[in-house]
Amino acid sequence: MNDSQSLPKGRIAQHISDLPKSGIRDFFELVLSMDDVMSLGVGEPDFATPWGIRETAISALEKGHTSYTSNLGLLSLREEICKYVEVEFGEEYNPEKECIITVGVSEALDLALRALINPGDEIIYHEPCYVSYGPVIKMAHGVPVPVITEESENFQLHPEKVRAAITDKTKAIVLNFPNNPTGANLTLEQKKELAAIAIEYNLIVLTDEIYAELTYDERSISIAALPGMRDRTLLLHGFSKAYAMTGFRVGFACGPADLVDAMMKIHQYTMLCAPINGQEAAIEALRNGRKDMELMKAEYYRRRNYIVNRFNQIGLKCRMPEGAFYAYPNIEASGLTSEEFAHKLLREEKVAVVPATAFCTNGHKHIRCSYATSMDTIQKALDGVERFMERRKAKN
Amino acid sequence: MTKESKELILSTIQKNARINLSDLAIQLNLPEAEVEAFITKCEKDKTIQGYYTLIKPEALEGRSVRALISVSVQPENETGFDHIARKLSKFTEVTDVQLMSGNYDLLLTVVGASLHEVADFIATKLAPMNGISHHSTHFMLKKYKEAGFQLEDKDDYERLSVTP
Ligand SMILES: Cc1ncc(COP(=O)(O)O)c(C=O)c1O
Chain A
3 MNDSQSLPKG
13 RIAQHISDLP
23 KSGIRDFFEL
33 VLSMDDVMSL
43 GVGEPDFATP
53 WGIRETAISA
63 LEKGHTSYTS
73 NLGLLSLREE
83 ICKYVEVEFG
93 EEYNPEKECI
103 ITVGVSEALD
113 LALRALINPG
123 DEIIYHEPCY
133 VSYGPVIKMA
143 HGVPVPVITE
153 ESENFQLHPE
163 KVRAAITDKT
173 KAIVLNFPNN
183 PTGANLTLEQ
193 KKELAAIAIE
203 YNLIVLTDEI
213 YAELTYDERS
223 ISIAALPGMR
233 DRTLLLHGFS
243 KAYAMTGFRV
253 GFACGPADLV
263 DAMMKIHQYT
273 MLCAPINGQE
283 AAIEALRNGR
293 KDMELMKAEY
303 YRRRNYIVNR
313 FNQIGLKCRM
323 PEGAFYAYPN
333 IEASGLTSEE
343 FAHKLLREEK
353 VAVVPATAFC
363 TNGHKHIRCS
373 YATSMDTIQK
383 ALDGVERFME
393 RRKAKN
Chain B
162 MTKESKELIL
172 STIQKNARIN
182 LSDLAIQLNL
192 PEAEVEAFIT
202 KCEKDKTIQG
212 YYTLIKPEAL
222 EGRSVRALIS
232 VSVQPENETG
242 FDHIARKLSK
252 FTEVTDVQLM
262 SGNYDLLLTV
272 VGASLHEVAD
282 FIATKLAPMN
292 GISHHSTHFM
302 LKKYKEAGFQ
312 LEDKDDYERL
322 SVTP
């Protein structure tokens, strides 16, 4: 017999049992239990990793490259990354001590927060955001301080709101632009203003650049490359999205040597190293993967335009996101909350979308629709949304 | 219209010539009338050379056998390879003609209903033609990829249908 009543109390660490159970889990389980769902709910590319990269990974396995690597990761990968970051993000890093390879951006973020936070330190981030930010801050014994980005402000992070959230406990700011789930991006001007605030209050900036390549308009340099920012910024990035390599689990952090070294201490005892096969695949992605990446991006671009234009035609207001692969329509016109909308749409039309409450506490007005799925699925799913909305309108 | 938009229109319809105009316009976020005008212009100036549908060879009885034929020719004084290449391309049996670098000069694709029909074409039309010094025929057994389309992709791996 193993009923939970008889388990010793306090078995789970307090800060873990205090983490709210993600409300979205039930909805996800429901979607996963259904067959033939047309899903706009997927947060990863629908493309398999480009063949040239897979081929390199296969041949590395054939040659027996199945060992650990150095804790920091393969030096040749760190060298490729530092070259890439210099060209694409505008800042130079030393591959020997200012770059660490991690198991996805997920681990990089966790390491960075654990390396920085003393219990009670406050970390500012913006909501809506990727589901892990708040919990990871808490697991590192920090206090998450969300700043809300608004639709009326194009979901950009307004520097004045950040300033207002700063206290003497504030240690760092986490940024993610282009953003999951809104697709919004920051202007260079906004980055400069945020940088000025970070410098004024002596804050560290963690910038999650996982969607950087998937920027459809002009792309500006990273906040890490602005004057005065290099020594206070950790640039977190990885191969999951732009190179369609989610399952390879490779990410990295570039930053000042003392921060990278502190992250390394945790990484060496908890993870040891990122998987070698993924690291070798990542080298190939940087050396020869650009063309495939551009082709995937061109496809996302077409889908973005299609999905956003369709939502607006259907009467669900949707701004054109600058990056990532998510549309974030406002569903108020349906007269439903986002969770009701998602449940009903799933039941009535077998179309899966993610209610924005997954990404922020006040996400009742929006849904996240991923266009990392085939144009055919997007078209059929939007036809479903259209029928659904026509029935709603007829009712109201 | 920007150069990028023009290239996007062409690369999109190269992959799917049947996409309807309004879908194409909304996918590229361009006014439908402009897209239409550009396509019409490309059709006129032969930037768009034609529209073609990939069909399983077996589905069309008269065209189920294909051969690639490499041909060596003696170039003529005035016209080089062009004259003979143009002559070859006039045969309905010949679907592709290209001038190549390397050990031979022209590469043809010839289609027919049967091995016999294709062989007959070679024996009666191609081989006797003036100016052809050598040819070599390769019958196609199976096609795996054509014009960027994987013809027999059986990978039905599926991702989780919802992830954060
Ligand atoms: C903003 C953001 N950061 C990080 C991740 C996780 O990325 P990785 O696969 O590199 O761990 C995701 C994945 O959805 C994301 O959207």
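Residue numbers (the numbering used here), protein chains in the order written: chain A, 3 to 398; chain B, 162 to 325. Glycine included, C-beta positions come from ideal geometry on N, C-alpha and C.
Cβ neighbours of A/M3 in the same chain (closer than 7 Å, five flanking residues each side left out) = Model confidence at A/M3 stands at a pLDDT of 46, short of 50, so the residue's coordinates are unreliable and nothing is read from them.
Output the boundary residues of the alpha helix (DSSP H) element that contains B/G292.
-> Unbroken run through B/G292: none, as it is neither H nor E.
Buried or exposed (CB count within 10 angstroms, at least 16 for buried), A/S69 | exposed
Contacting residues, own chain, Cβ-Cβ under 7 Å from A/G365 (five flanking each side not counted) | P130, S340, P357, A358, T359
Could you spell out where the alpha helix (DSSP H) holding A/A344 opens and where it closes?
-> 340-351
Mind pulling the chain B residues with CB within less than 8 Å of A/A344?
-> Result: empty, since nearest Cβ-Cβ is about 10 Å, beyond 8 Å.
Going straight from the alpha carbon of B/S297 to that of B/K207, what length do you get?
-> 32 Å
If you draw a straight line from the C-alpha of A/D20 to the C-alpha of A/T172, how long is it?
-> 22 Å
Is the Cβ of A/E124 closer than 8 Å to any Cβ of chain B?
-> no
Are any of the Cβ atoms in chain A nearer than 8 Å to that of B/N190?
-> yes
Provide the residue span of the beta strand (DSSP E) that contains A/F254, from first to last.
-> 253-256
My guess is that A/Y308 and B/Q188 are in contact by the Cβ rule of under 8 Å, so how many angstroms apart are they, rounded?
-> 5 Å
Beta-ladder partner(s) of B/V129, from DSSP = It is not possible to answer for residue 129 of chain B, since the shown part of chain B is limited to 162 through 325.
Near-chain B residues of the segment 17-36 of chain A - C-beta to any C-beta below 7 Å | F30, V33, L34
Mind checking who A/R370 pairs with in its DSSP beta bridge?
-> A/V356
A/I125 vs A/L115 beta-carbon contact at 8 Å | yes
Taking only beta-carbon positions, decide if A/S145 is within less than 8 Å of chain B.
-> This sequence places Val at residue 145 of chain A; Ser is not what is there. Not closer than 8 Å to any Cβ of chain B, the Cβ of A/V145 fails to qualify, so no.
Would you decide whether A/G240 is buried or exposed? Buried here means 16 or more other CB atoms lie within 10 Å of its CB.
-> buried
Taking C-alpha atoms, which residue in A/E46, A/L113, A/G66, A/S154 lies nearest to A/P331?
-> A/S154
Check distances from the C-beta atoms of the segment 38-50 of chain A to those of chain B and list, in chain order, the residues that come in under 8 Å.
-> V39, S41, G43, V44, G45, E46, D48, A50
Contact with chain B by A/A354, beta-carbon distance below 8 Å | yes
Contacts around B/A308, its chain only, beta-carbon distance under 7 Å, and the 5 residues preceding and following it disregarded = L215
Which value, in whole angstroms, describes the spacing of the CA atoms of A/K382 and A/R56?
-> 31 Å
Nearest-angstrom Cα separation, counted from A/R393 out to A/A59 | 50 Å
6 Å Cβ shell around A/G144 - same chain, five flanking residues per side excluded | I119, D123, I125
Residues in the segment 100-133 of chain A with C-beta within 9 Å of chain B's C-beta atoms, listed in sequence order?
-> Y132, V133
Going along the chain, which residues of its own chain have a beta-carbon closer than 8 Å to the beta-carbon of A/E100, five neighbours each way excluded?
-> C84, C256, G257, P258, A259, V262
Compare the C-beta of A/N187 against all C-beta atoms of chain B and say whether one is closer than 8 Å.
-> no
Flag A/N187 as yes when its Cβ comes closer than 7 Å to any non-hydrogen atom of ligand 1, and as no otherwise.
-> no
What in chain A is Cβ-close to B/L171, meaning under 7 Å?
-> None at all; the shortest Cβ gap to chain A is about 12 Å.
Could you tell me how far apart the beta carbons of A/E296 and A/Y218 are, in whole angstroms, since I believe they sit closer than 8 Å?
-> About 12 Å; that fails the 8 Å criterion.
Contact set between B/T324 and chain A, taken where Cβ atoms lie within less than 7 Å = V44, G45, E46
From A/Y132 to A/K65, what does the alpha carbon distance come to, in whole angstroms?
-> 38 Å
Taking A/V207 and A/I168 to be in contact with their CB atoms under 8 Å, please state how far apart those CB atoms are, rounded to whole angstroms.
-> 13 Å between Cβ atoms; not a contact.
My understanding is that A/M266 touches A/N73, with C-beta atoms under 8 Å, so please give their C-beta distance in whole angstroms.
-> 6 Å
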